[in-house]
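Student: Got a structure for you, written out below as structure tokens; questions coming shortly.
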Amino acid sequence: MSSRSNKSLICISCPIGCHLTVEYDKDNLREENIKISGNKCSRGITYGREEVLAPKRTVTATVSIASEIQRRLPVKTTKHIDKVLIFELLDNLYSLKVKPPVNIGERLIENFKGTGVDVVATMKLDR
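Residue numbers for the sequence shown follow the numbering used here, beginning at 145 and rising by one.
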């Protein structure tokens, strides 16, 4: 019995948005066992492999801020983070209480769980 599986994806690596088909062996999940079709550039191959082996996402959210102007401060990760860590990161963010002043790009969380991913403010708030 074959353990081959197919996954349909739309590549988000460039503006083309290729419709990818990723074929892989669920029981022997290794890079060399993954076949990707439908891509128009090499970034589709990279994206398809990553989505099967270790999917990652950029996280955008808001954190609480003790401000006279607004209640929430928008933040984002500085690079993609493994999908399995997203809910844990969000729990950390939603329990965070920031005090102004805050600058755009200011690190609010550094090297989350040793991943090299920081969380930065995406808005400046003086008070």
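Glycine is no exception: its CB is placed at the ideal position from the N, C-alpha and C atoms.
#1: Can you check which of these residues, 215, 245, 223 and 246, is closest to residue 238 by C-alpha distance?
#2: So, is residue 192 buried or exposed, given that buried needs 16 or more other C-beta atoms within 10 angstroms?
#3: My parser needs the beta strand (DSSP E) runs of 3 or more residues fully inside the segment 155 to 212; what are they?
#4: Tell me whether residue 255 is buried or exposed, calling it buried when 16 or more other Cβ atoms sit within 10 Å of its Cβ.
#5: Can you tell me which of 147, 271 and 148 puts its alpha carbon nearest to the alpha carbon of residue 211?
#6: Name the DSSP beta bridge partners of residue 263, please?
#7: On a Cα-Cα basis, can you pick out the residue from 187, 253 and 242 that is closest to residue 269?
#8: Mind the definition here: the segment 218 to 236 touches the segment 193 to 200 only if three or more C-beta pairs lie below 8 Å; say whether that holds.
Tutor: With the given structure in hand:
#1: Checked all of 215, 245, 223 and 246; the closest Cα to residue 238 is 215.
#2: buried
#3: 163 to 169, 179 to 181 and 204 to 209
#4: exposed
#5: 271
#6: 221 and 253
#7: 242
#8: Flag = yes, the segment 218 to 236 and the segment 193 to 200 touch.
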